[in-house]
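To start, the structure itself, in structure tokens.
Chains as they are written, first to last, in UniProt numbering: chain A, 1 to 938; chain B, 1 to 418.
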């Protein structure tokens, strides 16, 4: 649609200015969607449906058109589920045509089909499904289009559809009811925020008070979906109260139908988010909690499970309201963990894991804030429950399943219990140790593998949280035992957990941050030998051994030029390469683990081992080369192949970054640059997104290492760069590519000029697209700065477009209203905008074209003042913002003197930054002060 | 509504290595971006501070060559040379113009000459900074103007196939370009292959210069990738034989005096007493100042700065007082403080008490050339005065090396000037 708009506005902007024809064509195309920029930016900044209105997508609804006969629909829907592929395809094609020819009639017919009790259940279900898909989609931009489309439909038709949907809720056919309840929720999700369909909730509630049970069940289900679909602020408290009353009544023991109770319990799960006010009211909260707790004792396992799900949700949403109930909840959960069926027991354990999550967050906030103020106080539920909670969890550890380590999707009570134990350790720290040690000691040498494994897992779980002083004596005793178990224990399960535990030991208790080292010259050799040995074990054990080696290596990172691992370096690298070549390296993600560890080995290498890293370059290159040789592969093989290519590109990236960071190694490394680049270019011919991302990252590192010489690769590389920038689907690839444009700008400087037209066009397009993930947009702005700094006044050509995009985004990002995530995003957007301004000002400095920037100065100063007044910028933005003030003063000098003096930024903001504790902010502020004093003195 | 999945990561690191690679890349890119911005800003701020303290001026046209030895004392010594290699346009000229280390004139013999000093025969020619980076080499004269733009065998000095010309590698050499044999004689090394030698002692710099320059192939005969030959100048310990070798030894270039380097001194931009120049007729064609027409004026001329209280001072920091100017002249000629004034030294000459200037017989000639930025330095005035009246001779230098306790003796050597 961008293209269409571009063409239609082409004639209007023929007189745009003196620019080259080719570029002008681009500009004219751009002009069309630059105009839409504000609206698009809105769409990713704010609630899509509320702020945008129907400007973009509104259409008059074509009521005219061919009427679809009801009979015809049924047949087509049946055909669409035919086992005969040709029939199916034909039917799908007809449905598509109906939809395109007359959407309104199409949707009305579908709703009629769904509501018609005489129709076969399959066609009713499918009709409902198509309706649902006409209202919602996964992709944000698509979803947005569908919402606008529905809102602009003829209102009579919509009433007709909605009536059919509500009618279906009372159908005797359960599949029809269930489908209808989902569609109702989707329509509500669109309409309620627009104050449409006000009678919906009222009519649903009146259903609840009517028999028969099946209608009641469907209605409660609908309320559940509805609460999932709409945000709490669009439903007023009066209606919330009614919904909750109906739901909780439906859950209570007085309700005779199990199906109704189940539907009500599940509905409550979604409605909990609406119950803020009700949870603040003691009586109402007591009532809700009582009904939920009763439901955990229901004879129906599905209801018990759903009730525990509610408790889990309550534990995070209403943590601060739980104190009066926590004792009862402990009893309920303990009983469930001991006796109930696994799905219920898992939820009971999850309740405590979730409480741990809450308390860890709160305590972390305490730690970071010296005043001790926190929005939510910590009630130390876990600490209080500790003496009972820990034994309960330890007991679960002995309920392992055979082969759970080989099954990727496994999740059982032992795993959940162990995970929870780890969270408890992080929550309470030292207190857990004496409660777990007897269990470890009592089980670690038992003949039953379950006991040895459980003991080892318990040990591994408590290694994060308690203080090193408490743990190191234990570890010193255990280490030798563990190393021996890893080689000698007959159970693969025990070896797996032992290797994992060793990894945890190295992760948390080994490294320059720990005072008393647990690894000495004496046992280092043994540790390495055992780990390398274990890398020959079964894939799951070998994978954990790689992980342990990863943390062992990482712990030596800050050790200075001479690492204790130097003598083993060659052997470690060789072993990892051998592992990566194992026949079964595809299992238990062993190959991935081997390369990840190899990467860490490279990252932590020292000057001493740099020559060995250099030797690795041709080896990895050869591996990558081999994957590119053109054999015919099945799709499964190809998938494996591209996974391997991703790993190899990642490894090369790490190597390039490492070797490029020091002059002598870079010098030697550069002999491989041409060949490596050749390989990367061939990788781009493969299709996988992951591989592209990895190769792109590696090329960024290569550009940085190569500097201006990278220009020689540009003619060939450019088209892949452009492809990367156009990859909206896999936005990570796009984001990484934007970063690489920055790398290349810095490396090439003015030599990037020949590619700038293409790059800038694409970047501006990306900014205006509502299909591109919003996280990519801030880096695009930063990238403008990189380019401007690299090409200097040559940026003039793009100035108007870049500035207009920046200005729109700046206006939107000044005021934020939203949650933490939105504040964080807005700050990253501000930072991108500010980095762009910095780059542009510095790029134009000392050029005769500086005066071109003067018209933009008032707005930029206003932007700086604006974000200063908002008082919600983070340190990064603060530093960048005050730097921009300096850059503006520096480049415009006396032209901006009086403007700057009038700005708040030049006074209060600058003073605040000058007295900042943050050195980076202070440094930027000093710079701004100097530049301003010069600008206003002339 | 299906039950909600509650699986948590089991025996897994919280962050994938791929995410780590991504994060580290972003970190590197952010760091590089910050560096580029910082570079642009630091450069600008150094120029700002220079502009505010030292007004810009063109090199004085009519002045004789050695007069431009003067430099602003307010030099930004701490400016990272790494940035310098990336500058371009007018900044680069301004920057380089202020980066050269400038010797004072030797008006007395330093203590411990034989222990703490090197001596070398200075080649006659154009003093310049030679910078190799990004595959090209540029030589810039003291006023910042480009002398040559050429490929060289210096690291990063030419676009060769081995890819050595990376962005981070560069060299900065302090050279004198000798016209007749088209050779750059390297008298000091400031940066080599990306490593700054600014904060290294002269001893280390000369050692590095002698080992690295040869190794790089820069001393080879010119070729396609190496347009000019470089050559190290022989540096001697300033003992008797070293001094004698520098003074009278045969070198392939025309000499212009001797340079003395204190072995412990770092490379410092601007005037420094830790590098000294000395010359006599034997080792230099230009001993006595000439005027704009290349002739030696009958009386020595000096340029001094007029201060608020009618004081006439040199460009040194702190300034040295020569005398006070008659109020009449100031009124008649409409002079203001800050003016640079030209004087001849009359028959009364300069008189010293305890090694300090006591009185000067100055005859006012008029305002100095408009383009002139600074007054003369004290050491220059005195050296020129001594050359005309009682020069410091090579024998005096040799004698000071011989004397076991030279501490007391040297000052009396020059105090006899009357």
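Positions of the beta carbon are idealized from the N, C-alpha and C atoms, including for glycine.
- Burial check for residue 250 of chain B: the Cβ neighbour count within 10 Å stays below 16, so the residue is exposed.
- Contact of residue 11 of chain B with chain A is assigned, a C-beta pair being separated by under 7 Å.
- Any Cβ of chain B closer than 7 Å to the Cβ of residue 789 of chain A would place that residue at the interface, and such an atom is present.
- Between residue 146 of chain A and residue 200 of chain A, the alpha-carbon positions lie close to 21 Å from each other.
- Shown here, residue 347 of chain B sits in a strand according to DSSP, grouped into three states.
- Of all residues in the segment 402-419 of chain A, the ones placed with a Cβ closer than 7 Å to any Cβ belonging to chain B are 411, 415, 419, in chain order.
- Under a 10 Å Cβ-count criterion, residue 162 of chain A is classified as buried, with 16 or more other Cβ atoms of the shown protein chains found around its own Cβ.
- Residue 140 of chain B has a beta carbon lying at 7 Å or more from every beta carbon in chain A.
- Under the criterion of beta carbons closer than 8 Å, residue 466 of chain A and residue 433 of chain A qualify as touching, at roughly 5 Å.
- By the 16-neighbour rule on beta-carbons within 10 angstroms, residue 324 of chain B is exposed.
- By the criterion of a C-beta distance shorter than 6 Å, residue 918 of chain A is surrounded in its chain by 875, once the five residues flanking it on both sides are discounted.
- For the segment 345-361 of chain A, the residues whose beta carbon sits under 8 Å from a beta carbon of chain B are, in order, 346, 347, 350, 353.
- DSSP, reduced to helix, strand and coil, places residue 357 of chain B within a strand of the structure shown.
- Scanning the segment 477-562 of chain A from its first residue to its last, the whole alpha helix (DSSP H) runs of 4-plus residues come out as 492-509, 521-534, 539-555.
- The segment 111-118 of chain B and the segment 261-279 of chain B touch, with three or more beta-carbon pairs separated by less than 8 Å.
- Residue 772 of chain A and residue 510 of chain A have their alpha carbons spaced roughly 43 Å apart.
- Residue 117 of chain B: member of the beta strand (DSSP E) spanning 117-123, first to last residue.
- At least one C-beta of chain B is nearer than 7 Å to the C-beta of residue 708 of chain A.
- Boundaries of the alpha helix (DSSP H) around residue 206 of chain B: 202-216.
- In chain order, 624, 627, 683, 686, 691 place their CB closer than 7 Å to the CB of residue 645 of chain A, counting only its own chain and leaving out the 5 sequence neighbours on each side.
- Within the same chain, 139 come within 6 Å of residue 148 of chain B by CB-CB distance, once the 5 residues on both sides are set aside.
- Between the segment 412-431 of chain A and the segment 546-560 of chain A, the count of C-beta pairs closer than 8 Å stays below three; the two stretches do not touch.
- In the displayed model, residue 735 of chain A falls within a helix according to three-state DSSP.
- In this chain, the beta strand (DSSP E) harbouring residue 140 of chain B covers 136-141.
- Linking residue 268 of chain A to residue 192 of chain A through their CA atoms gives a straight-line distance of about 20 Å.
- A buried status is given to residue 737 of chain A, since no fewer than 16 other beta-carbon atoms sit within 10 Å of its beta-carbon.
- Shortest Cα-Cα distance from residue 151 of chain A to any of A:188, A:341, A:937, A:821 involves A:188.
- Proximity of residue 6 of chain B to chain A, defined by a Cβ-Cβ separation below 7 Å, is satisfied.
- Per the DSSP secondary-structure output, residue 104 of chain B pairs in a beta bridge with B:276.
- Taking 7 Å as the cut-off, the Cβ atoms of residue 177 of chain B and residue 219 of chain B do not count as close.
- Note: residue 189 of chain B is bridge-paired with B:173 in the DSSP secondary-structure output.
- Non-local C-beta neighbours of residue 703 of chain A in its own chain, meaning closer than 6 Å and more than five positions away in sequence, comprise 710, 743, 744, 747, ordered along the chain.
- For the segment 20-32 of chain B, the beta-carbon criterion of a distance under 9 Å to any beta-carbon of chain A is satisfied by 20, 21, 22, 24, 25, 26, 28, 29, 30, 32.
- At least 7 Å separates the beta-carbon of residue 311 of chain A from that of residue 275 of chain A.
- Rounded to the nearest angstrom, the gap between the Cα atoms of residue 396 of chain A and residue 271 of chain A is 32 Å.
- The beta carbon of residue 134 of chain B sits closer than 7 Å to some beta carbon of chain A.
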